[in-house]
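Residue numbers for the sequence shown follow this note's numbering, so the first one is 119 and each next one is one higher. Note sheet for the following structure.
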Amino acid sequence: MHEADLNGTVRLIFQPAEEGHRGAKMMIDNGVLAGVRAIAGFHNMPNLPVGTLAMKSGPLMASNDNFDVTILGQGAHAAMPEASHDPIVTLGELISNLQTIRSRNIAPDAALVLTIAAVQAGSTFNVIPNTANLRGTIRTFNTANRDLAKVRFYDIVRATAKMNQQTATIDWDRGPSCVNNNAALTAVLSRVLKDDFDIVPAQLCNADDDFALYQECIPGFYGFLGSGGNGTLHQSNYRCDDAGLTYGARFHELAATALLKWVRA
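So this is what it looks like as structure tokens:
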């Protein structure tokens, strides 16, 4: 492709820090979308063959809220639990109680995941500690359910701690909304890309991506490009096929020319 052949300007974004969902915000704050009217991108997907592009309009990847809870109790000798307000008991109750957000507050046919991914308490066999900690994430595709989950989370943590004569601090990290593909743009790209890619329907993915922050500002499309590997994202046995790089470059070439025509139509 030659610059003279482009009916407009294409801006390539080289963004850091996607995993901490800080990168896109930093780029936006520094003007990366100034004058930009549409955006397209993809994430590699090792469980799809090289040359395959999974697409869908509407929600694709979930919103992301991360939480870090510290339970403040009273430690004591493990043989004298009556002198304690045991934060480990509270931690255990929270692991179960927080799952009622999904099972008893969200409709069964709505997607929401609450995962407690890290717990920490104590350091030896004969001491009840003063504090305990749990961390995790909530993913969903529905704004109302996202807001409800946060309200119930705070209610449950505070009430469970109070019931056990303890307190809790909650550090809430509100991440991106869900990746939400513009329907008209998705349809255009599907027609443009079908001769060069094996187009398949994309499945909803509970992972998140801060590409969603760009889509909150301008129309956008995000897809899953096959990298023909093994394992899945974030697994230690992840491998990909370098042949997928050619398709990645081709995607950007075709998407850029299609978006230039689309925004001028």
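For glycine and all other residues, C-beta sits at the position ideal for the given N, C-alpha and C. Note that the structure is predicted; figures quoted are calculated from it, not measured.
Contact set for residue i: own chain, Cβ-Cβ below 7 Å, skip 5 residues either direction
{"i": "G362", "result": "N162, V168, L343, G344, S345, G346"}
{"i": "A376", "result": "V306, L307, V310"}
{"i": "R270", "result": "I219, N223"}
{"i": "D204", "result": "G191, I246"}
{"i": "N263", "result": "I224, A228, L230"}
{"i": "R276", "result": "A286"}
{"i": "L209", "result": "I189, V237, A239, A250, L252"}
{"i": "N282", "result": "H203, V207, T208"}
{"i": "Q108", "result": "Within the shown structure, residues of the chain are numbered from 119 to 383, placing residue 108 beyond reach of any answer."}
{"i": "P199", "result": "I246"}
Candidates the options, of which the one nearest residue i by Cα
{"i": "L303", "options": "G159, E121, A142, G153", "result": "G159"}
{"i": "Y332", "options": "V306, C358, C296, F315", "result": "C296"}
{"i": "L179", "options": "Y365, Y340, N348", "result": "Strictly speaking, residue 179 in this sequence is Met, with Leu absent from that position. When each option's Cα is compared against that of M179, the closest is Y340."}
{"i": "V237", "options": "T188, T258, H203", "result": "T188"}
{"i": "I234", "options": "R222, R257, D227", "result": "R257"}
{"i": "F369", "options": "I157, C323, P199", "result": "I157"}
{"i": "Q284", "options": "G193, R155, A325, V128", "result": "G193"}
{"i": "N248", "options": "H195, T278, A267", "result": "H195"}
{"i": "T364", "options": "G149, F315, D123", "result": "F315"}
{"i": "V355", "options": "R155, P164, D123, E121", "result": "The displayed chain sequence assigns Asn, not Val, to residue 355. Nearest C-alpha to N355: P164."}
{"i": "S181", "options": "A325, M198, E200", "result": "A325"}
{"i": "N260", "options": "L351, Q217, L322, G338", "result": "L322"}
{"i": "N244", "options": "I274, A197, D273", "result": "A197"}
{"i": "L232", "options": "A279, G153, Q217", "result": "Q217"}
Residue range of the unbroken alpha helix (DSSP H) whose run includes residue i
{"i": "A367", "result": "362 to 382"}
{"i": "L331", "result": "329 to 333"}
{"i": "F271", "result": "261 to 281"}
{"i": "I146", "result": "141 to 147"}
Beta-carbon separation (whole angstroms), residue i vs residue j, contact threshold 8 Å
{"i": "R382", "j": "N125", "result": "7 Å"}
{"i": "G240", "j": "I206", "result": "7 Å"}
{"i": "C335", "j": "L151", "result": "5 Å"}
{"i": "G176", "j": "A373", "result": "So it is not a contact: roughly 18 Å between Cβ atoms."}
{"i": "K174", "j": "N299", "result": "7 Å"}
{"i": "P294", "j": "A330", "result": "4 Å"}
{"i": "E136", "j": "D327", "result": "7 Å"}
{"i": "D289", "j": "D186", "result": "4 Å"}
Residue i: first and last residue of the uninterrupted beta strand (DSSP E) it sits in
{"i": "P177", "result": "176 to 179"}
{"i": "D289", "result": "285 to 292"}
{"i": "I131", "result": "Here I131 belongs to no beta strand (DSSP E), and DSSP marks it neither H nor E."}
{"i": "V306", "result": "It is not in any beta strand (DSSP E) - V306 instead sits in the alpha helix (DSSP H) that spans 301 to 311."}
{"i": "F339", "result": "338 to 344"}
{"i": "P319", "result": "316 to 319"}
{"i": "N162", "result": "157 to 163"}
Own chain residues within Cβ distance below 6 Å of residue i, not counting five before or after
{"i": "N184", "result": "T255, D291"}
{"i": "R357", "result": "G347, N348"}
{"i": "A201", "result": "A194"}
Close beta carbons around residue i, own chain, < 8 Å, minus the five adjacent residues each side
{"i": "L166", "result": "A172, V318, F342, L343, G344, S345, G346"}
{"i": "G366", "result": "F160, N162, L343"}
{"i": "T350", "result": "P164, N165, Y356"}
### Query
What residue ranges within the region 171 to 256 form continuous alpha helix (DSSP H) runs of no fewer than 4 residues, ordered along the chain?
205 to 215, 218 to 223
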